[in-house]
Structures are given as C-alpha cells and as structure tokens.
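Visitor: Residue numbers (the numbering used here): 222 to 632.
Note that CB positions come from ideal geometry on N, CA and C, so glycine has one too.
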Amino acid sequence: MYSKFSHSRVDDCCENNLFKKKKRVNDQIPMPTARSQNDHIEKCKGFIHRSKQRLFYHNNMDPPKDPSSSPRSSVSDSLPLINLSEHYDIVKTLGSGTYGNVMLARCKTTDTVVALKNLLKKGTKFRDFQREFTYGYFLSPHCAIVNTFDVAFETETSYMFALEHAPLGDLFETIPPQIGLDEKRGKCIIKQVASALDFMHSKHLVHRDIKPENVLLFDRECTKVKLMDFGMTRKRGTLVRKISGSIPYTPPEICEAVKNEGFYVEKSADVWGCAVLLFTILTGNFPWENADVGDPYFVEFAQWQKRKIGPTPSQWRRFTPRLMRLFRKMLDTKPEKRCEITAVYRYIGDAWLKKAKTSYDCDDDISSDDSKGTEMIELRHALEKHGIDTKVSKKLKEKRINEWIMSLGLE
C-alpha cells in the first residue's frame with residue numbers, strides 16, 4: 222500500500238517563473254463551460270473577506286498594503302498565521318502521509334465544507350509548499366483537475382491550503398482488488414486523466430505522480446473524476462535527483478537511476494504512469510512491482526515488447542489486440558519512443574476487454590497475435606460444423622482433430 226498525499230522533497234533546479242506571476246495566468250487555458258470564471262470566483266468567495274486583500278488573517282493582523290504579498294498571487298514570502306480551531310471545525314481525516322494529512326473541515330464563518338491539505342513544517346520547505354499550491358491553483362480551471370481554492374495560510378506547525386472535497390474519495394478505494402472496474406468506467410476515468418495530463422503538458426508541466434490515490438471521484442459511474450496532488454509536479458526539462466525508491470508507476474529509466482543520481486523531468490514519465498494506471502483500473506492488480514530487470518513480470522512484458530509478435534504476457538491476456546497496441550505505445554521501455562498522452566483518444570472507441578470466457582477457454586487459453594487468433598476461431602467453427610465438440614479436454618480434442626483429418630484423407 223502506498224501512502225497517500227506523499228510529496229518529493231527534491232532540491233531540484235526548478236526555475237520559479239510561475240511564482241513571479243502577479244495574477245492568475247489565463248493564456249490558452251480552456252475554461253470549461255460548466256465552470257465559468259464567475260462560477261470559479263463564487264466557489265471561493267465564502268473564504269474571501271471582501272474588504273481585505275488577504276484571504277485569511279488573524280483578527281489582530283493588519284491587511285497587507287501590497288496586493289502582491291497576498292496568497293492570492295502566490296508570491297508572498299509569508300502567509301497569514303491563524304489559529305485553525307478559531308476558523309474551522311475539523312470533521313475527520315481523509316488521508317495521511319509522511320509529510321502531513323488532508324482533513325475534511327467546515328468553515329465556521331461560511332459553513333462551507335472543504336478539504337484542507339496540511340503539510341507539516343518540519344518536513345516541508347516553504348518553497349515546496351508554495352510550488353504545490355501555485356501549480357494547483359494555476360491548473361484549477363481544467364474540468365479534470367481538482368479545484369484549488371485561493372486560500373492559503375499557516376499555523377504554528379503547518380502550511381495549509383484549501384481544496385474542493387470529493388465525496389466519494391479516491392480511485393484507489395474504489396477499484397475492487399483482483400477484479401478491477403468495468404470497461405465503461407475504465408474508459409471514462411482514463412479519458413479524463415489523459416485530458417488533464419494533456420493540459421499540463423501543454424503548459425510544459427509534468428505531474429510525476431500518477432496513481433489511483435491521486436484521482437478523486439465525484440460520482441459512482443466515474444463520469445466526473447479529477448487529478449490532484451501536484452507536490453511532485455515540475456517543469457519539463459527540470460533537473461531533479463532520485464531520493465526515494467520506486468513504485469509500480471515509475472518508468473524504467475527512473476527505476477534504473479541510483480539514489481541521488483540526477484535526471485531530467487520529461488512528460489514521457491506521465492505517459493508510462495497513465496498506462497500502468499489503466500492496467501490497474503481494469504484488473505485490480507499492478508502489472509509489476511518495479512519496472513526493472515529484477516521483476517519477472519516486467520521482464521516478461523519487456524521481452525514481448527522487443528519481439529513485436531508472439532504470445533501475450535500472462536497478466537495481459539484479458540485485453541484485446543487494440544488495447545495491447547495502445548499499451549505497446551505507452552509502455553515503450555525507451556522514453557523517447559513513447560507516444561504522446563493524446564494517443565489514448567484514438568483507442569477510446571475500441572473494445573478493450575475480451576468477452577467472458579467459458580470454463581474450457583480458461584483452462585486452454587490461447588494467446589496470440591491478431592492473425593493467429595482469427596485462424597483459431599475459424600478452425601473451431603469448422604470443427605463444430607463436422608460434429609466435433611471443442612469444449613473438451615485438450616488431449617481429447619487433438620485426438621478428434623486427427624481422426625477428422627484422417628477421415629478426409631489429408632494425411
């Protein structure tokens with residue numbers, strides 16, 4: 222089980238150009254029709270004191286004279302220091318990790334329910350908090366990215382900011398282990414996640430932490446999901462250091478890096494993570510523990526990638542040839558050959574899961590490329606036309622096939 226809301230504390234070479242903005246960047250941001258700019262402001266207004274520049278401040282705190290020092294512009298060197306219990310009633314903890322937690326809270330002034338992300342100061346640099354909050358707010362206009370409200374403050378022990386609350390929790394809690402979700406919901410989820418990543422990549426940002434825990438659900442049919450947690454988000458081309466281990470969503474080029482080794486952030490890592498997420502959604506399992514030569518499941522898949530044809534890896538046999546073609550493109554072991562995230566859209570209309578098999582099919586699963594699969598289907602139909610029952614044991618079936626061939630004088 223991987224801890225939720227975890228963040229990388231990499232001392233990278235990221236240029237904080239985004240934090241120099243004095244106002245929200247609107248360049249080429251597609252505003253969803255369901256959430257206009259006025260609607261977005263309305264969601265935040267319960268937290269904004271109209272007569273002050275700051276969003277939250279202690280009762281004895283004077284309003285800031287310089288608007289650029291407000292958390293609203295995400296460039297302030299300090300945050301309003303408040304007593305949390307005076308402003309919020311904490312309902313429950315939604316999730317926790319090494320560096321803090323997320324709490325469901327109700328504002329005492331407005332009676333509004335929000336999710337408060339709490340990052341402990343002892344494990345979080347202010348620059349890291351500022352980066353995550355700013356990226357989240359900057360990306361909020363997209364309909365498949367969680368809404369980060371214009372609310373940021375600090376307590377004696379923590380940095381905090383407010384997010385919209387997802388009543389159904391995250392995707393990790395929804396996927397049935399060993400089973401997975403149905404194809405319809407899987408397509409709905411991955412299409413929205415791909416859209417969010419496409420938007421981020423168009424802004425030269427890479428999420429770097431794609432996993433079910435970072436996808437929030439807003440309805441049971443998964444028609445509305447949102448990507449969250451931008452603690453590891455960096456600009457493309459940023460030099461970072463590997464300081465922690467790998468998880469199943471980590472691409473092989475990063476798994477191969479040793480601790481403290483530097484590497485450049487590329488959007489191909491998000492494409493890999495999204496493909497592993499899709500596998501997990503449809504199966505309820507991870508395809509491997511780590512994408513390296515020490516994992517037999519990964520080695521089996523990597524060998525299949527190199528062959529281009531031949532038997533499908535054991536854990537992938539429930540998928541159709543069309544979906545396997547998409548997996549081949551997204552999970553190319555060479556990052557420079559990996560497809561763009563937009564490739565997902567071309568396969569949404571295709572069938573992804575094979576039809577339910579009979580008990581015989583499960584015992585005698587035949588995995589092959591497209592042409593071989595078609596030939597086997599035609600052979601079965603021919604056998605059935607001549608009175609041969611194909612739903613028998615493998616040895617008995619072979620015996621009957623031989624008898625049929627001999628009766629036709631083909632030997």
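Let's test the definition: count the other Cβ atoms within 10 Å of the Cβ of residue 355 and tell me whether it reaches 16, buried, or not, exposed.
Guide: Translated into positions along the sequence shown, residue 355 becomes position 134. Counting Cβ neighbours within 10 Å, residue 355 comes out buried, since at least 16 surround it.
Visitor: Grouping DSSP H, G and I as helix and E and B as strand, with all else coil, what is residue 497?
Guide: Here residue 497 refers to the residue found at position 276 of the sequence shown. In the structure shown, residue 497 sits in a helix (DSSP, three-state: H, G or I).
Visitor: Just to confirm, does residue 487 get its C-beta within under 8 angstroms of one of the non-hydrogen atoms of the ligand SAM?
Guide: Judged by which ligands are present, the structure shown has none, so any question about the ligand SAM falls away.
Visitor: Which residues bound the alpha helix (DSSP H) around residue 404?
Guide: As a position in the sequence shown, residue 404 is number 183, starting the count at 1. Residues 404 to 423.
Visitor: Output needed for residue 344: all residues of its chain with C-beta closer than 8 angstroms, excluding positions within five of it in sequence on either side, in chain order.
Guide: Here the question's residue 344 lines up with position 123 in the sequence shown. Only 230, 319, 320 and 321 meet the Cβ criterion.
Visitor: Out of 434, 506, 491 and 626, which one is the CA nearest neighbour of residue 565?
Guide: Here the question's residue 565 lines up with position 344 in the sequence shown. Of 434, 506, 491 and 626, the residue nearest in Cα terms is 491.
Visitor: Can you round the beta-carbon distance between residue 407 and residue 503 to whole angstroms, since I take them to be within the 8 angstroms contact cut?
Guide: As a working note, residue 407 is residue 186 in the sequence shown. As a working note, residue 503 is residue 282 in the sequence shown. About 5 angstroms; that satisfies the 8 angstroms criterion.
Visitor: Can you check whether the CB of residue 384 is closer than 9 angstroms to the CB of residue 368?
Guide: As a first step, residue 368 is located in the sequence shown; it is residue number 147 there, counting from the start. As a first step, residue 384 is located in the sequence shown; it is residue number 163 there, counting from the start. The answer is yes: Cβ separation under 9 angstroms.
Visitor: Quickly, what does DSSP pair residue 369 with across the bridge? List them, please.
Guide: For the purposes of this step, residue 369 is taken as the residue at position 148 of the sequence shown. DSSP, once it has assigned bridges, lists 384 as partnering residue 369.
Visitor: Applying the 10 Å Cβ sphere with the 16-neighbour rule, what's the burial state of residue 402?
Guide: Here residue 402 refers to the residue found at position 181 when the sequence shown is read from its first residue. It counts as buried.
Visitor: Alpha carbon to alpha carbon, how far is residue 620 from residue 413? Give it in angstroms, no decimals.
Guide: Position 192 of the sequence shown, counted from the first residue, corresponds to residue 413. Position 399 of the sequence shown, counted from the first residue, corresponds to residue 620. Spanning the two alpha carbons is a distance of roughly 51 angstroms.
Visitor: Using the C-alpha atoms, what's the distance from residue 535 back to residue 311?
Guide: The residue labelled residue 311 in the question sits at position 90 within the sequence shown. The residue labelled residue 535 in the question sits at position 314 within the sequence shown. Approximately 47 angstroms between the Cα atoms of the pair.
Visitor: Among 509, 353, 361 and 489, which residue has its Cα nearest to the Cα of residue 417?
Guide: Numbered from 1 along the sequence shown, position 196 holds the residue referred to as residue 417. Out of 509, 353, 361 and 489, 361 has the C-alpha closest to the C-alpha of residue 417.
Visitor: Residue range of the alpha helix (DSSP H) that residue 523 falls in?
Guide: Numbered from its first residue, the sequence shown carries residue 523 at position 302. Taken as a continuous stretch (DSSP letters only), the alpha helix (DSSP H) holding residue 523 covers 517 to 528.
Visitor: Kindly identify the DSSP beta-bridge partner or partners of residue 483.
Guide: Taking the sequence shown and counting its residues from 1, the one referred to as residue 483 is at position 262. Beta-bridge pairing links residue 483 to 462.
Visitor: From the DSSP output, in three-state form, read off residue 379 for me.
Guide: Locating residue 379 in the sequence shown gives position 158, where the first residue counts as 1. Strand.
Visitor: When DSSP builds the beta bridges, which residues end up paired with residue 309?
Guide: As a position in the sequence shown, residue 309 is number 88, starting the count at 1. The partner list for residue 309 (beta bridge, DSSP) reads 328.
Visitor: Identify, in the order they occur along the chain, each residue of the same chain with its Cβ nearer than 8 angstroms to the Cβ of residue 543, setting aside the five sequence neighbours on each side.
Guide: If you number the sequence shown from 1, residue 543 lands on position 322. Correct list, in chain order: 568, 571, 572 and 573.
Visitor: With residue 704 as the anchor, note down where its alpha helix (DSSP H) starts and where it stops.
Guide: The requested residue 704 does not occur in the structure, where the chain is confined to residues 222 to 632.
Visitor: Could you check whether residue 470 and residue 494 sit closer than 9 angstroms to each other, using their CB atoms as the reference points?
Guide: Walking along the sequence shown from the start, residue 494 turns up at place 273. Walking along the sequence shown from the start, residue 470 turns up at place 249. Contact: yes.
Visitor: In the structure shown, what three-state DSSP assignment does residue 293 receive?
Guide: For the purposes of this step, residue 293 is taken as the residue at position 72 of the sequence shown. With a pLDDT of only 38 at residue 293, under the threshold of 50, the placement of this residue in the model should not be trusted; the figure read from the coordinates follows. The answer is helix: DSSP assigns residue 293 an H, G or I state.
Visitor: With a 10 Å radius around its C-beta and 16 neighbouring C-beta atoms as the bar for buried, classify residue 473 as buried or exposed.
Guide: To locate residue 473, count along the sequence shown from 1; it is residue 252. Buried: at least 16 other Cβ atoms inside 10 Å.
Visitor: Under 9 angstroms, do residue 456 and residue 475 count as touching if we go by C-beta distance?
Guide: The residue you call residue 456 lines up with position 235 of the sequence shown. The residue you call residue 475 lines up with position 254 of the sequence shown. No, Cβ-Cβ distance for residue 456 and residue 475 is not below 9 angstroms.
Visitor: DSSP state of residue 314, grouped into three classes?
Guide: Here residue 314 refers to the residue found at position 93 of the sequence shown. DSSP places residue 314 in strand when its eight states are reduced to three.
Visitor: Considering only the alpha carbon of each residue, which of 371, 528 and 500 lies closest to residue 399?
Guide: The sequence position of residue 399 within the sequence shown is 178, counting from 1. Closest option to residue 399, Cα to Cα, is 500.
Visitor: Taking its Cβ as the centre, do 16 or more other Cβ atoms sit within 10 Å of residue 421, making it buried, or is it exposed?
Guide: Within the sequence shown, numbered from 1, the residue matching residue 421 stands at position 200. Residue 421 should be labelled buried.
Visitor: When DSSP builds the beta bridges, which residues end up paired with residue 335?
Guide: As a first step, residue 335 must be located in the sequence shown, where it is residue number 114. Answer is 326, bridged to residue 335.
Visitor: When you compare the CB positions of residue 314 and residue 325, do they come within less than 9 angstroms of one another, or not?
Guide: Residue mapping note: residue 314 aligns to position 93 of the sequence shown, counting from 1. Residue mapping note: residue 325 aligns to position 104 of the sequence shown, counting from 1. The answer is yes: Cβ separation under 9 angstroms.
Visitor: Can you list the beta strand (DSSP E) stretches of 3 or more residues lying completely in the region 433 to 458, in chain order?
Guide: Runs found: 436 to 438 and 446 to 448.
Visitor: Since I believe residue 551 is in contact with residue 496 (beta carbons under 8 angstroms), could you give me their beta-carbon distance rounded to a whole number of angstroms?
Guide: As a working note, residue 496 is residue 275 in the sequence shown. As a working note, residue 551 is residue 330 in the sequence shown. That pair is a contact at about 4 angstroms.
Visitor: Taking three-plus beta-carbon pairs below 8 angstroms as touching, is the region 365 to 382 in contact with the region 444 to 451?
Guide: Cβ pair count under 8 angstroms is three or more, so yes.
Visitor: At which residues does the alpha helix (DSSP H) containing residue 539 begin and terminate?
Guide: Position 318 of the sequence shown, counted from the start, is the residue given in the question as residue 539. From DSSP, residue 539 is part of no alpha helix (DSSP H); its letter is neither H nor E.
Visitor: Run the CB neighbour count on residue 375, radius 10 Å, all protein chains shown included, and call it buried at 16 or more, exposed below.
Guide: As a first step, residue 375 must be located in the sequence shown, where it is residue number 154. Buried: at least 16 other Cβ atoms inside 10 Å.
Visitor: Mind reading off the beta-carbon distance from residue 486 to residue 559? Whole number of angstroms is fine, and I expect it under 8 angstroms.
Guide: Reading the sequence shown from its first residue, position 265 is the one you call residue 486. Reading the sequence shown from its first residue, position 338 is the one you call residue 559. Actually they do not touch by this definition, with Cβ atoms about 14 angstroms apart.
Visitor: Considering residue 348, what are the terminal residues of the alpha helix (DSSP H) in which it resides?
Guide: Residue numbering aside, residue 348 sits at position 127 when the sequence shown is read from its first letter. Note, residue 348: alpha helix (DSSP H), 347 to 360.
Visitor: Can you name, in chain order, every residue of its own chain whose Cβ lies under 6 angstroms from the Cβ of residue 357, other than the five neighbours on each side?
Guide: In the sequence shown, counting from the first residue as 1, residue 357 sits at position 136. Contacts found: 369 and 451.
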